[in-house]
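Under the UniProt record's numbering, the letters of the sequence shown match residues 1 to 191, in that order. Glycine included, each C-beta is placed from N, C-alpha and C at the ideal position.
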Amino acid sequence: MFKNTSQHYGLLAIIFHWVSALAVFGMFGLGLYMVELSYYDPFYRDGLHIHKSIGIMLAALIVLRLIWKVTNPSVKPESEATPMDKLQNTIAHVVHVVLYLGLFGLFVTGYLISTSDGRAIEVFNWFSVPGIGELFDEQSDIAGTVHLYIAWGLIGLVALHIVGALKHHFINKDRTLVRMLKVPNATKVED
Ligand code: HEM
Ligand code: HEM
1 MFKNTSQHYG
11 LLAIIFHWVS
21 ALAVFGMFGL
31 GLYMVELSYY
41 DPFYRDGLHI
51 HKSIGIMLAA
61 LIVLRLIWKV
71 TNPSVKPESE
81 ATPMDKLQNT
91 IAHVVHVVLY
101 LGLFGLFVTG
111 YLISTSDGRA
121 IEVFNWFSVP
131 GIGELFDEQS
141 DIAGTVHLYI
151 AWGLIGLVAL
161 HIVGALKHHF
171 INKDRTLVRM
181 LKVPNATKVE
191 D
């Protein structure tokens with residue numbers, strides 16, 4: 001139930017997927033919203049604090065998710081019958097890898113923006129991640145620009161990813177989407 005099999009995602013992979021998906025959408029919206037606020041807006045400091053705190057928690061979650069992924073069997077694509085299926089499976093796989101890379105790009109650039117003045121990142125006033133200070137000139141501005149581009153690129157790719165999931169569900173009518181939503185009935189699982 002918790003672990004993946006070659007046919008199904010297990011409960012933990014499903015929870016990891018949907019918690020991170022929700023966090024990514026929230027972080028994107030909050031990021032765009034908060035940079036428009038003036039310094040005197042009451043939410044200016046809190047918005048940034050929440051964005052950085054959730055960002056660090058999400059980074060930890062994605063690391064755990066990847067450890068879980070490599071220690072579990074890989075879930076096979078629903079169909080590998082035709083060359084077209086194989087091409088689409090390869091595209092989906094590349095999209096997944098780039099999504100993970102994009103997330104790490106955001107964590108690194110987010111860290112570089114936040115710590116360029118040497119300050120630590122306070123995570124929900126619970127613990128802090130030390131800053132290493134300015135590593136290159138105009139670090140905050142450059143990392144901020146790259147952060148914004150990666151965020152838009154990631155959301156574009158997520159849109160493609162969602163279209164792919166919906167195509168599997170409504171056009172191919174296979175279980176690709178369902179198996180990321182539901183844990184299989186334990187009595188019917190075959191590995
Ligand atoms: C999935 C993860 C993340 C997403 C989708 C995301 C998205 C965004 C977006 C869209 C902006 C607005 C950029 C702009 O208009 O200039 C932003 C700004 C910012 N983000 Fe993130 N972010 C993520 C993770 C992080 C992390 C992990 C940190 C720090 C630890 C961070 C720190 C910041 C900071 C400091 C800004 C303000 C930049 C500025 O003032 O120009 N972000 N983020
Ligand atoms: C409404 C939004 C979303 C839907 C409907 C969706 C759907 C799915 C489905 C059906 C799969 C399984 C694909 C397969 O079995 O080959 C999957 C996997 C995956 N999704 Fe999403 N997804 C969504 C949002 C996101 C977001 C926001 C991210 C991250 C930025 C993301 C990252 C991934 C990754 C990395 C995998 C591969 C999992 C693995 O490591 O095996 N998804 N998604």
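N-terminal and C-terminal residue of the alpha helix (DSSP H) that residue i is part of
| i | result |
| --- | --- |
| residue 116 | Counting along the chain, residue 116 falls outside any alpha helix (DSSP H), and DSSP gives it neither H nor E. |
| residue 163 | 139-166 |
Of the residues the options, the one placed nearest residue i, counting alpha carbons only
| i | options | result |
| --- | --- | --- |
| residue 125 | 16, 9, 178 and 56 | 56 |
| residue 147 | 52, 89, 120 and 170 | 52 |
| residue 143 | 113, 86 and 45 | 113 |
| residue 64 | 127, 5 and 12 | 12 |
| residue 45 | 62, 121, 131 and 180 | 121 |
| residue 118 | 132, 8, 107 and 158 | 132 |
| residue 159 | 1, 25 and 137 | 25 |
Residue i - containing beta strand (DSSP E), residue span
| i | result |
| --- | --- |
| residue 28 | No beta strand (DSSP E) contains residue 28, which is instead part of the alpha helix (DSSP H) from 11-34. |
| residue 128 | 127-129 |
Ligand 4 heavy atom lying under 8 Å from the CB of residue i
| i | result |
| --- | --- |
| residue 113 | Ligands displayed in this structure: ligand 1 and ligand 2; ligand 4 is not among them. |
Residue i beta carbon near ligand 2 (any heavy atom closer than 8 Å)
| i | result |
| --- | --- |
| residue 224 | Coverage of the chain is limited to positions 1 through 191, which leaves residue 224 absent and any answer about it impossible. |
| residue 25 | yes |
heavy atom of ligand 1 below 8 Å from residue i C-beta
| i | result |
| --- | --- |
| residue 56 | yes |
| residue 51 | yes |
Cβ pair residue i, residue j closer than 9 Å
| i | j | result |
| --- | --- | --- |
| residue 116 | residue 88 | no |
| residue 182 | residue 72 | no |
| residue 23 | residue 67 | no |
| residue 50 | residue 37 | no |
| residue 91 | residue 164 | yes |
Take every Cβ of the stretch 72-87, pair it with every Cβ of the stretch 172-186, and state whether three or more of those distances are shorter than 8 Å.
-> In short, these stretches touch, since the Cβ pair count reaches three.
Decide if the stretch 97-106 is in contact with the stretch 140-157; the criterion is three or more beta carbon pairs, one per stretch, under 8 Å apart.
-> In short, these stretches touch, since the Cβ pair count reaches three.
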